[in-house]
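In the numbering used here, the protein residues as written are 3 to 468.
Yeah, the Cβ is synthetic: ideal placement off N, Cα and C, and Gly gets one too.
Since the model is a prediction, treat every value here as computed from it, not as a measurement.
The next block holds one structure in the form of structure tokens; read it before the comments.
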RNA sequence: GGUCCCUUCGUCUAUCGGUUAGGACAGCUGGUUUUCAUCCUGCAAAGGGGGGUUCGAUUCCCCCAGGGACCGCCA
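Written out as structure tokens, the structure is:
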């Protein structure tokens, strides 16, 4: 048995979206599960639309989520000569022919097909015509001579046997009239030269597979295995496209989703393994298989992404979580100063308890991360004369407090509650606002302890609340 | 319109002929609680429709309906 080799072959004509990432993930997992290799091929033959920045974004995105390809990336545009020479071989062996139809002629055919509500399929005009009759003013394209008789069965690893009549596959163009190869030719030649054993790609490629199979056959190349995975749909039930919002990895990273959480979410979108929901990277490699891939398309569900992220926030090692937070804040928020590290790490256990995203943790930890307290207008309203008295008294008690923990703080707060004939909220809220600027956030004792005596004293002396 | 694919709770899914159709997320209860949460109880929630096959179908077959993908000298 040959070593499994898979590939992910995006075109760098736009940002990689989450559907593409899942395809890459499945390919990667499948190869790793089989102790094989995973390759990245950049299909940059559309020179107008291909951009280097997209290529960089693609590689960065894959790396972010934990996927690294084996070997150098394969740049399709550097192999164009190979593709052209295969086209010529096909021409020589009678498996392809020159088509001298003008653009106008083709457009006309398409128009007529539309009018008659028939599917357009090239009429194979030049399939049997002699080149002697060729017009001199038209540069020909090269078309593959598709089978007309019989049918082809695709033994799809996900969808099972799929059979279509050969005459529904048109004589597709393999070389444009400017001499450049088209997708189906290039992809096939590359897959063959890269020795791919398994082509795992979106369901939208299925018709291409039938075309490509014919090229393999004509070239007497060994056919790889194919697996067409169902597409990811938007909440509206349509194919996810580059135009959809929030579909690149950056969009998720920006709101504080962690790569492992998204990886786990994507893994379970369209694939399952018994009732298991949480998969470490190692587990996902161990258990991944093609049998577990469902046949129906699945919808993207943000609340699930969020809850997966929440799970990872609560369950991963706190040092690791802290590192994620530092990176996140540096890129998207305020950089965390190194002298805050200890305070934040100590507080992570309660900061993370009310967070679904790294952004939530940042918000909860803002009172530590930022040196200045930013008061919300509504929150400031809570600081009336009575509240100011409570705050002042609390400050005085704190100054003389030796045991700076919950046991030491509780009697102080309780004393104030009694004195001012109120409840916990009546005392806690003004102090919380004075310390953090907000009435929401971690528990009062957590805040006080995490800030430390010196900082408390400083903040409670602020003019705005005295 | 043609070809192909799909169809279990709102969502992701389990079930490989016999189950009170299971789990997870979301939702709703109740409890703990120091705001907001977390955490813990519980509840509600599904086999598109119609035919077969079978002692028995969510499961196998057929038809219909609905949804989707493709139909580029893009990839």
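Cβ shell of residue i (< 7 Å), same chain only, five flanking positions each side left out
i	result
residue 321	none
residue 143	101, 175, 177, 178 and 179
residue 158	164, 228, 229 and 230
residue 77	44 and 46
residue 286	31 and 269
residue 37	none
C-alpha gap between residue i and residue j, whole angstroms
i	j	result
residue 383	residue 12	55 Å
residue 132	residue 108	19 Å
residue 406	residue 296	56 Å
residue 206	residue 427	58 Å
residue 6	residue 31	11 Å
residue 435	residue 283	42 Å
residue 59	residue 119	42 Å
residue 385	residue 368	20 Å
residue 216	residue 187	10 Å
residue 66	residue 148	42 Å
residue 365	residue 388	28 Å
residue 242	residue 375	42 Å
residue 137	residue 128	12 Å
residue 248	residue 62	For residue 248, the pLDDT reaches just 47, beneath the cut-off of 50, and the residue's location in the model is therefore unreliable, although a value from the coordinates is still provided. Spanning the two alpha carbons is a distance of roughly 17 Å.
residue 446	residue 344	19 Å
residue 469	residue 240	As shown, the chain starts at 3 and ends at 468. That puts residue 469 outside it, with no answer to give.
residue 19	residue 433	46 Å
residue 121	residue 134	31 Å
Burial state of residue i, where buried means 16 or more other Cβ atoms lie within 10 Å
i	result
residue 466	exposed
residue 453	buried
residue 211	buried
residue 304	exposed
residue 213	buried
residue 358	buried
residue 333	exposed
residue 117	exposed
residue 488	Since the first and last residues shown for the chain are 3 and 468, residue 488 lies out of range.
CB-CB length for residue i against residue j, believed under 8 Å
i	j	result
residue 92	residue 146	7 Å
residue 338	residue 371	6 Å
residue 353	residue 260	At roughly 15 Å, the Cβ-Cβ gap does not stay under 8 Å, so residue 353 and residue 260 are not in contact.
residue 234	residue 300	6 Å
residue 290	residue 35	5 Å
residue 265	residue 68	6 Å
residue 14	residue 81	Not really, about 15 Å apart at Cβ, beyond 8 Å.
Contact set for residue i: own chain, Cβ-Cβ below 6 Å, skip 5 residues either direction
i	result
residue 9	41, 43 and 198
residue 123	172
residue 21	234 and 242
residue 347	324
residue 250	17 and 19
Counterpart residues of residue i in DSSP-defined beta bridges
i	result
residue 273	295
residue 156	164
residue 41	9
Cut-off 8 Å between Cβ atoms - residues of its own chain near residue i, not counting five sequence neighbours on either side
i	result
residue 459	397, 400 and 401
residue 468	390, 393, 394 and 462
residue 419	425, 426, 428 and 429
residue 219	225
residue 309	358
residue 39	5, 6, 7, 8, 33, 72 and 73
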